[in-house]
Amino acid sequence: MPLWLDMLRTPMAAPETAGLRRLRFLWQSLCLALAASILALKPLRASLGRGAPCLIAVLLLAALIATLVYLRRKHGADTAYLATLGEGR
1 MPLWLDMLRT
11 PMAAPETAGL
21 RRLRFLWQSL
31 CLALAASILA
41 LKPLRASLGR
51 GAPCLIAVLL
61 LAALIATLVY
71 LRRKHGADTA
81 YLATLGEGR
């Protein structure tokens, strides 16, 4: 069997748990909030003044931290899942 066909038949990721789903939704929400705050910088600056860039910086930092946490947990779940598949062969 060609390698590409074998790779298509092999599961490459663990099923998503409720915790990973919540983390993914949190990450997506932070990214959307960050994008919206950047697009609405002028109205934010008008209402918050000098606090608007600080708000954007906090959202950026939160999105980066959420990304790192999600990727670490997702990688761990995928590794454990693939290890259990390897044991079954």
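Quick note on the UniProt record's numbering: the sequence shown kicks off at 1 and runs consecutively.
By construction, the Cβ of each residue, glycine as well, lies at the ideal position given by its N, Cα and C atoms.
Residue 30, buried or exposed, once every other Cβ within 10 Å from all chains shown has been counted against 16:
Here residue 30 refers to the residue found at position 30 when the sequence shown is read from its first residue. The residue in question, residue 30, is buried, as its Cβ has 16 or more Cβ neighbours within 10 Å.
Residue environment, residue 57, which counts as buried when at least 16 other CB atoms sit within 10 Å:
Taking the first residue of the sequence shown as 1, we reach residue 57 at position 57. Classification of residue 57: exposed, given that the 10 Å Cβ count is below 16.
Give the C-beta separation of residue 72 and residue 23 to the nearest angstrom, bearing in mind that I take them to be a contact with Cβ-Cβ under 8 Å.
Here residue 72 refers to the residue found at position 72 when the sequence shown is read from its first residue. Here residue 23 refers to the residue found at position 23 when the sequence shown is read from its first residue. Actually they are not in contact, since the Cβ atoms of residue 72 and residue 23 sit about 10 Å apart, beyond 8 Å.
Under the three-state reduction of DSSP, which class applies to residue 79: helix, strand or coil?
In the sequence shown, residue 79 corresponds to position 79, counting from 1. Taken through DSSP and simplified to helix, strand or coil, residue 79 comes out as helix.
Per-residue DSSP class, three states only, for residue 2:
Locating residue 2 in the sequence shown gives position 2, where the first residue counts as 1. Residue 2 falls in the coil class under three-state DSSP.
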